[in-house]
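Single-structure report; data block below.
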Amino acid sequence: MKTIDKSLPIETAISKIKNGDTVMIGGFGVPGTPFCLIEELVKQGQTGLTIIKNDANETGMGVDRLLENGQVKKLIVTHIGLNPRAVKMMNEKVLEVEFCAQGILAERIRTAGAGLFGFLTDIGLDTDLAKGKPTTTLDGKTLLIEKALTADYALIHGQRADAFGNLTYASSARNFNPLMAMAADHTLVETESLLAIGDLEPEEIHTPGPFVDGVIFLPELTENYGVIQR
Amino acid sequence: MSSNDKNKMIARAASEIQDGMTVNLGIGFPTKVLDYLDPGLSVCLHSENGISGVGPTRSIDDADRNLIDAGGAYISTLPGAAFFDSAVSFALVRRGRLDLTILGAFQVAENGDLANWTIPGLFTPGPGGAIELAQKARRVVIMTTHQDKKGRSKIVRQCNLPLTASSCVDRIYTDMAVIDVTDKGMVLREIAEGLQVDDVIAATDAPLLIPDTPIATF
Chain U
1 MKTIDKSLPI ETAISKIKNG DTVMIGGFGV PGTPFCLIEE LVKQGQTGLT IIKNDANETG
61 MGVDRLLENG QVKKLIVTHI GLNPRAVKMM NEKVLEVEFC AQGILAERIR TAGAGLFGFL
121 TDIGLDTDLA KGKPTTTLDG KTLLIEKALT ADYALIHGQR ADAFGNLTYA SSARNFNPLM
181 AMAADHTLVE TESLLAIGDL EPEEIHTPGP FVDGVIFLPE LTENYGVIQR
Chain R
231 MSSNDKNKMI ARAASEIQDG MTVNLGIGFP TKVLDYLDPG LSVCLHSENG ISGVGPTRSI
291 DDADRNLIDA GGAYISTLPG AAFFDSAVSF ALVRRGRLDL TILGAFQVAE NGDLANWTIP
351 GLFTPGPGGA IELAQKARRV VIMTTHQDKK GRSKIVRQCN LPLTASSCVD RIYTDMAVID
411 VTDKGMVLRE IAEGLQVDDV IAATDAPLLI PDTPIATF
C-alpha cells in the first residue's frame, strides 16, 4: 500500500468550482488567506458565488478582487470594516451580506465539519442577527437554533502540507482554515511548503489528509502574503 | 477630543487590567491601554483570531507576516503563548474564561445595553467578535468618546441603534467621565480634570446619579 497523492495544478483545481457555488475561504485578514487560489478564481471568472469568510480582506486583496470582478452574490462574514467596497456594495444593495457573530460563524462551520446539523446558543439572542432564526427551550432557557454551515468548496492556505493533504498552519494563520477544511464538500489547499509524504510528524498535523481533496503547491508567494505597510 | 484628553482616558482605563487577569481588548482605543500598563504586571491577553499570550506590538521592520492581532496590528507573543483555531478561540470566550473585555461603542444605554456594530446605512463594519465578548466576559468595560462627531451623547437613555448585547456594560470610560452602570442607573464616578459635574450632566443624554461624596478627577 502507499499513500494517496492529491496534488493538482491550480487551474484544474479551481476549474471544478461552478457558477453559483458556495465557497468558504480561510483567513483572518492576511494570515491564512489563500490569495493564489482566489486569484485563479478571479482569472477563471465563475459568477454568482456565495463567499463565506471571516472578513472581506482589504482593497485590492483577496475577497476584494472577487467583489471588484463582480463574481460575488452574497457574503457570509463577521466583519467588513476594512473593505470600503464591500460596505458600499452592501449599502447600494448590489451585494447581499449576512453578518454572523464571529464565534458563531466558526461554530456553524465546525458543526458542519463534524457532520452535525446545528447547535443551541444564547449568543445574539437580543440582537437583530437573531431575527428569523428558530428558537427552542431547554432547561427553562430560550435559545437560538444555529444551523450548520457547509459549502461546495473550501479554499485553504496551509503553511506546510504533504501531497495526501495533511496540513499545518502558521501561528495566527490557523483561524478558520482547519474548520473550513472539514466543513466543505470539496477542500482545496494551497501550500507554500509541499513536503514529501511522511515528512510531517503525525503528532504535529492540524488538519488530517482525509478531509482534503486537492493540494496545490505554490512555488512562490505573491506580495499579498507579505507584511502590509499601512 | 484633544489627544491629551484621549490619553488621559486611556491611562485611566488601563487601571482596569489587574494582575492575573485574562483580557480581550477591542480594536482601536482599547488596544492602546497596553502602552500604560506596568511592565511587571502578569496578564494573559487573548485575541479573537486565535492567540492567548499576546505580547507587545512590533514595528513593520520586525513584523511576522503570519502574526497579527484581531485588529490587524503586527504583534509578538509572550513566553507561554498558544495558537488555536477560531472555534477554540470563542469557546474560551463563551465558556467564561475572560475576566475582562474593553470595547468601543456607538451608544451605551442607561441599563447597560451596548450598540457598536452598525449605524444602518452609514457605517456597518459588522459585529466581529463583539457580541460574544460583550455577552460572556465577566466584566465589560467601554472606552469611547463621550459624544459623537456631531456632538450627540453616546451615553443614552435607550439605544436607537441595533444592539450588540443587552444589559452587558459594567463601566464606561470617556474623555469626560468614568460612569458605572448599576441596577439603580448610571452613577458618575469621576470627571476629567478641568470639568464640572454639570458639564458632564449637560453632555449626557442618560440621567446620571451623583454620589454625595466628592467626585474624583482624572
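These protein sequence lines map, in sequence, to chains U and R.
Per this note's numbering, the first sequence starts with residue 1, numbered consecutively.
Per this note's numbering, the second sequence starts with residue 231, numbered consecutively.
Glycine is no exception: its CB is placed at the ideal position from the N, C-alpha and C atoms.
Remember, it's a predicted structure, so these values are computed and weren't measured experimentally.
Between the alpha carbons of A395 of chain R and I409 of chain R, how many angstroms are there, rounded? 18 Å
Give a yes or no on whether 8 Å exceeds the smallest Cβ distance from E420 of chain R to chain U. no
Positions along the segment 359-393 of chain R whose CB lies within less than 7 Å of some CB in chain U: G359, I361, E362, Q365, P392 and L393
Please state whether DSSP places N166 of chain U in a helix, a strand or coil. coil
Secondary structure, alpha helix (DSSP H): runs of 4+ residues fully inside the segment 287-327 of chain R: 316-324
For N241 of chain U, which residues of its own chain have a beta-carbon under 8 Å away from its beta-carbon, when the five flanking residues on both sides are left out? Past the edges of chain U, shown from 1 to 230, lies residue 241 of chain U, and the structure says nothing about it.
K157 of chain U versus T33 of chain U - alpha carbon distance: According to the sequence shown, residue 157 of chain U is His rather than Lys. Distance between the alpha carbons of H157 of chain U and T33 of chain U is about 6 Å.
Pairing CB atoms from the segment 380-393 of chain R with CB atoms from the segment 215-228 of chain U, are three or more of them under 8 Å? no
Any Cβ of chain U within less than 8 Å of the Cβ of P357 of chain R? yes
Beta-carbon contacts of G27 of chain U that lie in its chain and below 6 Å, excluding the five residues immediately before and after: T33
Going by other Cβ atoms of all chains shown within 10 Å of its Cβ, with 16 needed for buried, is I290 of chain R buried or exposed? exposed
T261 of chain R, DSSP secondary structure in three states: helix
What are the start and end residues of the beta strand (DSSP E) that includes D185 of chain U? A184 to T191
Give the residues of chain R in contact with M90 of chain U, contact being defined as C-beta atoms less than 8 Å apart. T354
Grouping DSSP H, G and I as helix and E and B as strand, with all else coil, what is E423 of chain R? coil
Please list the residues of the segment 418-443 of chain R that have a C-beta atom closer than 8 Å to any C-beta atom in chain U, keeping them in chain order. none
Between which two residues does the alpha helix (DSSP H) harbouring T12 of chain U extend? I10 to I14
Residues of the segment 75-90 of chain U with Cβ closer than 8 Å to any Cβ of chain R, in chain order: V77, T78, H79, I80, G81, L82, V87 and M90
V97 of chain U burial status per 10 Å Cβ neighbour count (16 or more: buried): buried
Give the C-beta separation of F176 of chain U and I109 of chain U to the nearest angstrom, bearing in mind that I take them to be a contact with Cβ-Cβ under 8 Å. 7 Å
Which residues in chain R sit within 9 Å of H127 of chain U, going by Cβ to Cβ distance? Strictly speaking, residue 127 of chain U in this sequence is Thr, with His absent from that position. Those are W347, P357, I361, P392, L393, T394, A395 and S396, listed as they occur along chain R.
Please identify the residue among R:I431, R:L438 and R:R419 whose C-alpha is closest to the C-alpha of P444 of chain R. R:R419
F217 of chain U, enclosing alpha helix (DSSP H) - first and last residue: Careful: F217 of chain U lies outside any alpha helix (DSSP H), inside the beta strand (DSSP E) at G214 to F217.
In chain U, which residues lie less than 7 Å from S306 of chain R when you measure between Cβ atoms? In chain order: nothing, as chain U lies at least about 11 Å away.
Should N254 of chain R be flagged as near chain U, meaning a C-beta pair shorter than 8 Å? no
Please compile the residues from chain R whose C-beta is within a distance smaller than 7 Å of the C-beta of N175 of chain U. N279, G280, D315 and S316
Starting from the beta carbon of F117 of chain U, find every residue of chain R whose beta carbon is closer than 9 Å, and list them in chain order. Here the premise fails: no neighbours, minimum Cβ distance about 17 Å.
Based on the DSSP secondary-structure assignment, which residues constitute the bridge partners of R160 of chain U? U:T168
C-beta neighbour in chain R for G124 of chain U, strict 8 Å: yes
How about L37 of chain U and L167 of chain U: do their beta carbons lie closer than 8 Å? no
With contact counted as at least three CB pairs below 8 Å, one residue from each stretch, are the segment 265-272 of chain R and the segment 246-253 of chain R in contact? yes
Rounded to whole angstroms, what's the CA-CA distance from N341 of chain R to T404 of chain R? Just pull it up for me. 17 Å
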